[in-house]
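Here the structure comes first, spelled out in structure tokens, and everything after it is commentary.
In my numbering, the protein residues as written are -10 to 216.
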């Protein structure tokens, strides 16, 4: 069995259900964060976002199994002078929903955390690994100095805008990769842009081109553009 590990996450804590996903190492200074970490978790994602409900389309597809679509709603309730915002999130529906509490001073977009927690729950179910194990693998991959951020042109509301893409493969060098089977090649892609409300344009995962296909995506569907 893949062993349990202590979580690597630190000062910015967000409770999701009974779990707590923290987003930066307690011992790390701001200078030690990678660009990927800052873009995903430490920047203020709502600083240019008006009060509104941002809607995301969620899609999960697995070869030979039930696939489904759903929606995620991020309600921006209030903006604060420090660049944070009061935000309520409804992440999926029914048995698949992830409970995310209302955040009074959100920096990062909680839809990112919901996406990761849903993914981690699925990985735990599929492989028998622990929640903390998968959190650590993702956190470690984002903290690697070689994690690249690539400039990217994306389309939103009929216009081309500039974005930044982060790609990680958390499990390829893992000592327990044999126990992960085809999931060892799983990649995670995040696309962010200051030109979309809430900064998150899309997040998706994909398991390699051989064997059963497994794809999950979260993509912005509607929201009021920053002026």
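Beta carbons are placed, not taken as given, at the ideal position from N, Cα and C, and that holds for glycine.
Nearest candidate by alpha-carbon position, reference residue i, set the options
i, options, result
"residue 160", "87, 100, 173, 120", "173"
"residue 149", "141, 156, 155", "141"
"residue 209", "144, 126, 70", "144"
"residue 220", "157, 31, 115", "Given that the chain is displayed from residue -10 to residue 216, the structure contains no residue 220 and the question cannot be resolved."
"residue 153", "29, 169, 168", "29"
"residue 171", "146, 189, 204, 155", "204"
"residue 25", "202, 187, 193, 178", "178"
"residue 21", "189, 129, 182", "129"
"residue 202", "33, 55, 85, 110", "55"
"residue 70", "94, 86, 52, 50", "94"
"residue 126", "139, 100, 166", "166"
"residue 46", "27, 72, 81", "81"
"residue 114", "162, 139, 85", "85"
"residue 162", "213, 42, 133", "133"
Chain-order list of residues whose beta-carbon lies under 7 Å from that of residue i (same chain, five-residue window excluded)
i, result
"residue 77", "64, 66, 91"
"residue 213", "39, 41, 186"
Bridge partners - residue i, DSSP secondary structure assignment
i, result
"residue 76", "65, 92"
"residue 44", "62, 211"
"residue 192", "179, 207"
"residue 151", "142"
"residue 157", "177"
"residue 57", "49"
"residue 87", "80"
For residue j and residue i, the rounded distance between their alpha carbons
i, j, result
"residue 112", "residue 123", "8 Å"
"residue 17", "residue 131", "Residue confidence for residue 17 is low, a pLDDT of 46 falling below 50, so the modelled location carries little weight; the figure read from the coordinates is stated next. Spanning the two alpha carbons is a distance of roughly 14 Å."
"residue 74", "residue 184", "17 Å"
"residue 164", "residue 116", "15 Å"
"residue 60", "residue 83", "11 Å"
"residue 89", "residue 97", "13 Å"
"residue 168", "residue 118", "9 Å"
"residue 107", "residue 37", "27 Å"
"residue 186", "residue 34", "8 Å"
"residue 182", "residue 190", "6 Å"
"residue 52", "residue 175", "15 Å"
"residue 195", "residue 147", "26 Å"
"residue 303", "residue 101", "Residue 303 is absent from the model: the chain starts at -10 and stops at 216."
"residue 180", "residue 99", "15 Å"
"residue 32", "residue 155", "15 Å"
"residue 50", "residue 23", "31 Å"
"residue 109", "residue 188", "22 Å"
"residue 151", "residue 72", "21 Å"
"residue 138", "residue 42", "28 Å"
"residue 87", "residue 27", "24 Å"
Close beta carbons around residue i, own chain, < 6 Å, minus the five adjacent residues each side
i, result
"residue 48", "58, 206"
"residue 40", "65"
"residue 211", "44"
"residue 79", "62"
"residue 104", "192, 207"
Near the ligand HEM: residue i beta-carbon under 6 Å from a heavy atom
i, result
"residue 137", "Judged by which ligands are present, the structure shown has none, so any question about the ligand HEM falls away."
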